[in-house]
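Engineer: Below you will find the structure I want to go over with you.
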Amino acid sequence: MARFTRDEDVFRDEDMLREDYQPDSIAARDDELAAYENALQPVINGAQPRNIFLYGKAGVGKTAVTRFLLSHLKQDVAEYDDVDLSVYWLNCTNFSSSYQVAANLVNLLRPANQQISTTGYPQQTVFDMLYEELEDVGGTVLLVLDEIDHIGEDDDILYELPRARSNGYLDTVKPGVIGISNDFGFRETLSPKVKDTLCEEEIHFPPYQAPELESILTQRVDGALREDALSAGVLQLCAAIAAQDTGSARQALDLLYKAGDIARTHGDPPIVEEHVREASQELERGQIRHGMRELTHHGHLTLIATLSLAFEEQMPARVREIYPVYRTVADQSGTDPLVRRRMHDHLADLAMVGILQRTVRNEGRAGGQYHEYEFDVPLDLVCDVVRELDDIATPSVVARHI
């Protein structure tokens with residue numbers, strides 16, 4: 001008897017619920033599609049592309065709409081002999097400077113055997129290499145810089161690229177930049193000259209409302225799920241949870257996918273509301289684990305010091321109570337401890353991402369105002385992450401629990 005057999009009860013094509021699935025049509029983004037199409041119109045006209053800046057929270061359709069429209073644009077320009085369109089896509093998540101973006105664009109445009117090092121060159125030299133590669137491509141070139149907000153205030157590339165032609169660095173090629181940002185505040189950090197250049201066309205993608213999320217889910221389920229695999233109310237619950245939390249289509253789709261996986265694993269189809277609630281809890285726990293794993297080394301030291309006090313039932317605790325434990329853990333781990341104020345910044349970061357709960361206390365003239373911290377997540381989740389940290393000396397009270 002075969003150990004693995006095809007799923008016959010829940011999923012027909014589960015890939016349709018994944019983040020990287022590209023639907024044949026875009027639901028609940030009519031206004032944004034219209035504005036985006038208008039901004040891309042010069043390309044089909046054979047003119048210089050406009051520079052476009054998209055912003056909105058993660059999961060609200062920026063990347064999906066961009067892929068959808070650029071796919072259609074590449075098909076449609078094929079009907080015109082005087083338009084030669086090339087599109088290059090660079091995700092900037094791991095880049096913190098204009099230099100890194102420019103160097104990686106050069107490598108994106110070059111064959112594998114002609115790649116350059118991403119360190120060691122003067123920045124202008126890398127820009128000149130990029131201009132040379134763009135000229136070799138020729139025609140109209142759209143450069144999509146996804147999650148461009150990761151470069152922070154080092155925004156030279158966002159001025160140089162859109163202005164390269166007018167500044168005489170490019171001759172025949174017509175470049176256009178599409179910047180995509182999850183950070184609402186990133187635009188405000190841009191220098192005035194970059195705002196004038198990059199933000200030629202701005203399109204804001206607001207969070208989805210529950211009815212919009214429900215329409216997106218409805219669009220997917222016919223192909224993704226088998227007939228009778230879904231009970232009444234499930235799509236509405238997925239949409240409501242996601243709308244109240246992030247307004248993200250990604251979250252709504254993840255909820256439905258995880259709920260279906262739970263139903264499949266338990267051999268308990270169809271998908272019901274209880275599966276969705278269980279999926280929501282599991283996904284939230286996964287996000288918490290991910291958030292803790294992504295902390296810096298001193299963030300982990302601060303986390304372990306606070307966990308130590310929690311196991312000693314000394315919570316909630318003030319900074320003055322956590323700091324000595326942090327110093328001890330740092331010393332035993334062979335790390336120079338931060339000053340108290342900097343360690344407090346890491347406590348504040350843990351509170352900001354929801355791992356700790358911070359309460360302001362005010363004892364008037366006698367005691368003044370101070371903060372108390374305690375865990376806002378189950379300690380077993382914290383232990384799961386701490387168990388993976390090999391570079392930190394774990395206090396004995398913590399070690400007994402992991």
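First residue of the sequence shown: 1, per full-length UniProt numbering; consecutive thereafter.
Cβ coordinates follow ideal geometry from the N, Cα and C atoms, glycine included.
State buried or exposed for TYR370, treating a residue as buried only when at least 16 other CB atoms are found within 10 Å of its CB.
Structural biologist: For the purposes of this step, residue 370 is taken as the residue at position 370 of the sequence shown. Burial call: exposed.
Engineer: I'd like to know whether the C-beta atoms of LEU297 and THR335 end up nearer to each other than 8 Å.
Structural biologist: Residue 297 sits at position 297 when you count from the first residue of the sequence shown. Residue 335 sits at position 335 when you count from the first residue of the sequence shown. Correcting the residue identity first, residue 297 is His in this sequence and not Leu. Yes. Within cutoff.
Engineer: Could you give the C-beta distance for VAL173 and LEU134, rounded to a whole number, given that I count them as a contact under 8 Å?
Structural biologist: As a first step, residue 173 is located in the sequence shown; it is residue number 173 there, counting from the start. As a first step, residue 134 is located in the sequence shown; it is residue number 134 there, counting from the start. Contact holds; Cβ gap of about 5 Å.
Engineer: Taking the alpha-carbon of ASP20 as reference, which of GLY59, GLN357, GLU372, PRO211 has the nearest alpha-carbon?
Structural biologist: Counted from its first residue, the sequence shown places residue 20 at position 20. Checking every option, the nearest Cα to that of ASP20 belongs to GLY59.
Engineer: In angstroms with no decimal places, state the Cα-to-Cα distance between ALA210 and ASP345.
Structural biologist: As a working mapping, residue 210 is identified with position 210 in the sequence shown. As a working mapping, residue 345 is identified with position 345 in the sequence shown. Taking the straight line joining both Cα atoms gives about 36 Å.
Engineer: For ASP146, write down the residues that DSSP places opposite it in a beta bridge.
Structural biologist: Counting from one through the sequence shown, the residue named residue 146 turns up at place 146. Bridge partners of ASP146: ASN91, ILE180.
Engineer: Distance check for SER308 and THR66, CA to CA, integer angstroms please.
Structural biologist: Stepping through the sequence shown from its first residue, residue 66 is reached at position 66. Stepping through the sequence shown from its first residue, residue 308 is reached at position 308. If I take the Cα positions, the gap works out to 47 Å.
Engineer: Whole angstroms is fine: what's the gap from GLU14's alpha carbon to ALA64's?
Structural biologist: Position 14 of the sequence shown, counted from the first residue, corresponds to residue 14. Position 64 of the sequence shown, counted from the first residue, corresponds to residue 64. Spanning the two alpha carbons is a distance of roughly 18 Å.
Engineer: Name the residue from ARG226, VAL272, ILE203, ILE26 whose alpha carbon lies nearest to the alpha carbon of ASN38.
Structural biologist: The count along the sequence shown starts at 1 and reaches residue 38 at position 38. Per the Cα distances, ILE203.
Engineer: What are the boundary residues of the alpha helix (DSSP H) that LEU379 is part of?
Structural biologist: What you label residue 379 is simply residue 379 of the sequence shown in a count that begins at 1. It spans 379 to 386 - the alpha helix (DSSP H) in which LEU379 sits, taken as one unbroken run.
Engineer: Does the beta-carbon of ASN51 have 16 or more other beta-carbons within 10 angstroms, so that it is buried, or is it exposed?
Structural biologist: Here residue 51 is taken as the residue at index 51 of the sequence shown, counted from 1. With 16 or more Cβ atoms within 10 Å of its Cβ, ASN51 is classed as buried.
Engineer: Which runs of the beta strand (DSSP E), 3 residues or longer, sit entirely within the region 157 to 204?
Structural biologist: 174 to 181, 201 to 204
Engineer: For ILE262, which residues from the same chain have a beta carbon less than 7 Å from its beta carbon, with the 5 sequence-adjacent residues on both sides left out?
Structural biologist: In the sequence shown, residue 262 corresponds to position 262, counting from 1. Same-chain partners within the cutoff: HIS275, GLU278, ALA279.
Engineer: Would you mind working out which of LEU145, ASP154, ALA103 sits nearest ASP128, comparing C-alpha positions?
Structural biologist: Taking the first residue of the sequence shown as position 1, residue 128 is located at position 128. It is ALA103.
Engineer: Out of ASP30, LEU161, VAL10, state which residue places its alpha-carbon closest to the alpha-carbon of ARG226.
Structural biologist: Your numbering for residue 226 matches position 226 in the sequence shown. If we check each option's Cα against that of ARG226, VAL10 comes out closest.
Engineer: Exposed or buried, GLN22, counting other C-beta atoms within 10 Å across all chains shown (16 or more means buried)?
Structural biologist: Here residue 22 refers to the residue found at position 22 when the sequence shown is read from its first residue. Flag for GLN22 reads exposed.
Engineer: How about VAL329 and ILE392: do their beta carbons lie closer than 8 Å?
Structural biologist: Sequence index remark: in the sequence shown, residue 329 carries index 329 (1-based). Sequence index remark: in the sequence shown, residue 392 carries index 392 (1-based). Cβ distance < 8 Å, so VAL329 and ILE392 count as in contact.
Engineer: Between the C-alpha atoms of HIS401 and GLN219, what's the straight-line distance to the nearest angstrom?
Structural biologist: Taking the sequence shown and counting its residues from 1, one reaches residue 401 at position 401. Taking the sequence shown and counting its residues from 1, one reaches residue 219 at position 219. The straight-line gap from Cα to Cα measures roughly 46 Å.
Engineer: Taking a contact to mean a Cβ-Cβ separation below 8 Å, would you say GLY291 touches VAL353 in this structure?
Structural biologist: Taking the sequence shown and counting its residues from 1, one reaches residue 291 at position 291. Taking the sequence shown and counting its residues from 1, one reaches residue 353 at position 353. Closer than 8 Å, so yes.
Engineer: With DSSP as the reference, identify every bridge partner of GLU313, one or two as the case may be.
Structural biologist: To locate residue 313, count along the sequence shown from 1; it is residue 313. Answer is none; GLU313 lacks a bridge partner.
Engineer: Pick helix, strand or coil for PHE4, following the three-state DSSP scheme.
Structural biologist: What you label residue 4 is simply residue 4 of the sequence shown in a count that begins at 1. Correct three-state label for PHE4: coil.
Engineer: Give the C-beta separation of ARG293 and VAL397 to the nearest angstrom, bearing in mind that I take them to be a contact with Cβ-Cβ under 8 Å.
Structural biologist: Translated into the one-based positions of the sequence shown, residue 293 becomes position 293. Translated into the one-based positions of the sequence shown, residue 397 becomes position 397. Rounded, the Cβ-Cβ distance is 22 Å, inconsistent with contact.
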